[in-house]
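Protein chains in written order, with this note's numbering: chain A, 1 to 250; chain B, 1001 to 1143; chain C, 2001 to 2325. Ideal Cβ placement from N, Cα and C applies to all residues, glycine included.
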């Protein structure tokens, strides 16, 4: 069953993976070129709060790379991948009619759901790890070697965070019979959880903020609080999806 | 494979009854001889696309009538004799049909002479061989 | 050579004794399945004996697929019960599915896999798997062994689905409209393999269909369902032998009271009158019935008993009965 799930997801994984690699490598390789341009940016167009953030992020290579990948691009790309994978897990089978092939076999619904979830999670992890490795390599080549410890922790944290999106998409995949609606719902909700991050003083309420701890990346502290929050939030939709799938009539 | 077996699943007559009747008939007319082997249940099911159980039922019925026997390692063999009670039953059924025929003819208003003419013509047509050999016998007796 | 696959998470083992019921493959009792407030299956009760080829007939929307889905645990019953080889379909669904090979109505397969990959997939989610059996059927059907599933024709997909269903060595095959959408040649091949290979091995076959002719050709048993209720369930041979049409021709127009009396005779299922001709559909001891009728004081010019085939019977039972029977 694992092999079939992997074969089924191959194009989604490959495309997102390549995109991720390109983004990582580009951001890691072009800092030195862009730095002069970034620090001269006119400050009138952006609100004070954001302007400060941008200034801070471009002040050093490490911060720039973190801000670009772990805080922005990586989060977004992996969120899309998680949503796309998750949305198809059950609804994809239902819309194609292959769900009956699965349900008619002597395996429990729990095992079916969890295996699919696990394979998708592994794909997310693989893409994230590959990107992080590319980051390490590119940064080293560019002359700004990064702390491996920080990168590893950040990668894991990011993955854990994305499991929330995966779980959410899976939950909607159980509820809906088409793939589009779970995908949209999952992405919209994820975006909603990111909004507090843009409001001054509300950043503690931004869920996506916890996926990318700047301090953890820089090696300043171990992000215990973030890990716990991400873990809890990742598990909740999964449990809900499992409960509903068990009772769903087909 | 017996290509003289031809069942009609869409008939109101159960398939196994059709099988029994056709095999009995085959025995009567000599298409099936004593000692011959009948196809296996599986072969026949495949040939006719009917349920194996139906064939089993038919074979069981024929075995009950004493017409066939299934032997270990050999298959199903015809053991019936061509003469005997079976032929008698067939003959009686035929004579009954004859009665009904004549009765219907009288209802339709066909005269006895017309009916008899048809009967004689039919005998002449189908009993040619028998008549021919009879005539030959008589001729040989005289000479 | 059959290989048993032990799975890491499954605590389910395919039992062959003692819970396994040997003589009745499926037993449905007062089954009720609802879609919202509508009863798709309404108090259904019948049994499927082991080793039978059982045809489950009914018009579209009569509850056939719903019944099958309930047997396999896709839906829960809202009332009544059902057992497959003694296992309760609601609480022992895993055991049920361990003994059943299923082909759904739409028979959707993973188009992006090749046939060997699909076999490996099915093996990974079955408790028992015999690839030799699957290969044998694939060979029998003449399917291209390494082809991508998506490139197969509809007929080939049905054949593949059957081959795969047999790979787990099931005791019961449940097929939902297996020949729907197949051209006559493919349909014939499918049925032929079903009777000459599968049934000959003693497996029970439960299949739903709305194609009367094929049910009539291959079934030992037949059940007809209408609007969620059972209309009849019997051995097909017994049905044909005990259900007859009796055509009566009276010399003079019989009075209405006599017609009523005829209608009320035991075994008379329906009656139609046109002047001096009366057409009865009767079941049971039809000979006794005709004798009773001939003993009546109203002179008969003719009494004729006619056999009914499955189509006749089906149409007869689908008619609304005037007296609500």
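Tell me, please, whether the CB atom of residue i is closer than 9 Å to any CB atom in chain A?
i, result
"residue 2075 of chain C", "yes"
"residue 2010 of chain C", "Only weak support is given to the placement of residue 2010 of chain C: the predicted model assigns it a pLDDT of 41, under 50, and the value that follows is read from those uncertain coordinates. Chain A contact via Cβ: present."
"residue 2248 of chain C", "no"
"residue 2020 of chain C", "no"
"residue 2095 of chain C", "yes"
Throw me the rounded Cβ distance for the residue i and residue j pair, which I believe falls under 8 Å.
i, j, result
"residue 2025 of chain C", "residue 1052 of chain B", "No, residue 2025 of chain C and residue 1052 of chain B are not in contact; Cβ-Cβ is about 16 Å, not under 8 Å."
"residue 90 of chain A", "residue 2113 of chain C", "So it is not a contact: roughly 19 Å between Cβ atoms."
"residue 208 of chain A", "residue 194 of chain A", "4 Å"
"residue 1009 of chain B", "residue 2213 of chain C", "7 Å"
"residue 240 of chain A", "residue 160 of chain A", "That pair is no contact at about 18 Å."
"residue 2071 of chain C", "residue 2230 of chain C", "Not quite, the Cβ-Cβ distance comes to about 15 Å (not below 8 Å), so this is no contact."
"residue 64 of chain A", "residue 31 of chain A", "5 Å"
Among the options, which has the Cα closest to the Cα of residue i?
i, options, result
"residue 1036 of chain B", "B:1109, B:1108, B:1006 and B:1068", "B:1068"
"residue 2078 of chain C", "C:2287, C:2040, C:2136 and C:2257", "C:2040"
"residue 1003 of chain B", "B:1011, B:1040, B:1047 and B:1107", "B:1047"
"residue 2085 of chain C", "C:2119, C:2061 and C:2047", "C:2047"
"residue 14 of chain A", "A:130, A:181, A:186 and A:115", "A:130"
"residue 2088 of chain C", "C:2038, C:2120 and C:2020", "C:2020"
"residue 2050 of chain C", "C:2027, C:2038 and C:2071", "C:2027"
"residue 247 of chain A", "A:113, A:82 and A:134", "A:113"
"residue 179 of chain A", "A:238, A:93 and A:155", "A:93"
"residue 175 of chain A", "A:82, A:245, A:23 and A:134", "A:245"
"residue 148 of chain A", "A:95, A:216, A:84 and A:122", "A:216"
"residue 219 of chain A", "A:150, A:235, A:188 and A:181", "A:150"
"residue 82 of chain A", "A:105, A:99 and A:125", "A:125"
Let me check you understand the geometry: is the CB of residue i closer than 8 Å to at least one non-hydrogen atom of the ligand MG?
i, result
"residue 1032 of chain B", "Although the ligand MG was asked about, the structure shown includes no ligands whatsoever."
Give a yes or no on whether 9 Å exceeds the smallest Cβ distance from residue i to chain C.
i, result
"residue 1035 of chain B", "no"
"residue 79 of chain A", "no"
"residue 1042 of chain B", "yes"
"residue 242 of chain A", "no"
"residue 1116 of chain B", "no"
"residue 1045 of chain B", "yes"
"residue 108 of chain A", "yes"
"residue 1020 of chain B", "no"
"residue 1052 of chain B", "yes"
"residue 118 of chain A", "no"
"residue 139 of chain A", "no"
What does residue i reach in chain A if we use C-beta pairs closer than 7 Å?
i, result
"residue 2110 of chain C", "4 and 98"
"residue 2098 of chain C", "106"
For chain B, check one thing: does any of its Cβ atoms lie closer than 9 Å to the Cβ of residue i?
i, result
"residue 2294 of chain C", "no"
"residue 2068 of chain C", "no"
"residue 2306 of chain C", "yes"
"residue 2006 of chain C", "Here residue 2006 of chain C scores only 41 on pLDDT, less than 50, and its place in the model is too uncertain to base an answer on."
"residue 2166 of chain C", "no"
"residue 2277 of chain C", "no"
Taking residue i as the query, report the chain B residues whose CB atoms sit under 9 Å from its CB, ordered along the chain.
i, result
"residue 2211 of chain C", "Residues of chain B passing the Cβ test: none, with the nearest at roughly 12 Å."
"residue 2107 of chain C", "Going along chain B, no residue has its Cβ under 9 Å from residue 2107 of chain C, so there is no contact; the nearest lies around 21 Å."
Is there at least one Cβ from chain D nearer than 9 Å to residue i's Cβ?
i, result
"residue 2240 of chain C", "The structure shown has no chain D; the protein chains it does contain are A, B and C."
Give the interface partners of residue i over in chain C, defined as CB-CB distance under 9 Å, in chain order.
i, result
"residue 213 of chain A", "Per Cβ cutoff of 9 Å: no residues; residue 213 of chain A is ~34 Å from chain C at best."
"residue 91 of chain A", "Ordered by position in chain C, no residue passes the 9 Å Cβ test against residue 91 of chain A, which lies about 14 Å from the chain."
"residue 256 of chain A", "Not covered by the structure: residue 256 of chain A. The range shown for chain A is 1 to 250."
"residue 1 of chain A", "2121, 2124 and 2125"
What residues from chain B crowd round residue i, counting only those whose CB sits closer than 8 Å?
i, result
"residue 2188 of chain C", "1049"
"residue 2216 of chain C", "1009 and 1010"
"residue 2219 of chain C", "1051"
"residue 2191 of chain C", "1049"
Run down chain A in chain order and give the residues with a C-beta less than 8 Å from the C-beta of residue i.
i, result
"residue 2072 of chain C", "103 and 104"
"residue 2179 of chain C", "By Cβ distance, chain A contributes nothing, its closest Cβ being about 17 Å from residue 2179 of chain C, past 8 Å."
"residue 2104 of chain C", "97, 100, 101 and 104"
Residues of chain C with CB closer than 8 Å to the CB of residue i, please, in chain order.
i, result
"residue 7 of chain A", "2112, 2113 and 2117"
"residue 1013 of chain B", "2240 and 2307"
"residue 1016 of chain B", "2237"
Taking residue i as the query, report the chain A residues whose CB atoms sit under 9 Å from its CB, ordered along the chain.
i, result
"residue 2200 of chain C", "Chain A residues near residue 2200 of chain C: none, gap ~24 Å exceeds 9 Å."
Query raised in the report: Which whole runs of the beta strand (DSSP E) in the stretch 1070 to 1104 of chain B are 3 residues long or more, in chain order?
Result: Within the stretch 1070 to 1104 of chain B, the complete beta strand (DSSP E) runs of at least 3 residues are 1075 to 1078.
**Report entry** Entirely enclosed alpha helix (DSSP H) segments - the stretch 148 to 207 of chain A, minimum 4 residues
**Finding:** The stretch 148 to 207 of chain A is shown to contain whole alpha helix (DSSP H) runs of 4 or more residues at 148 to 175 and 180 to 194, in chain order.
Query - Within the stretch 90 to 122 of chain A, ranges of the beta strand (DSSP E) (whole runs, at least 3 residues) - result: Listed in chain order, nothing qualifies, since the stretch 90 to 122 of chain A has no complete beta strand (DSSP E) run of 3 or more residues.
**Report entry** beta strand (DSSP E) segments (min. 3 residues) lying fully within the stretch 2141 to 2227 of chain C
**Finding:** Scanning the stretch 2141 to 2227 of chain C from its first residue to its last, the whole beta strand (DSSP E) runs of 3-plus residues come out as 2172 to 2176, 2204 to 2209 and 2221 to 2226.
Query raised in the report: Which runs of the beta strand (DSSP E), 3 residues or longer, sit entirely within the stretch 2227 to 2283 of chain C?
Result: Taking 3 residues as the minimum length, the beta strand (DSSP E) runs contained wholly in the stretch 2227 to 2283 of chain C are 2229 to 2235, 2243 to 2250, 2268 to 2274 and 2277 to 2283, in order along the chain.
Report task. For the stretch 2057 to 2100 of chain C, list the alpha helix (DSSP H) runs that are entirely contained and at least 4 residues long, ordered along the chain. Result -> Correct list: 2064 to 2071 and 2093 to 2098.
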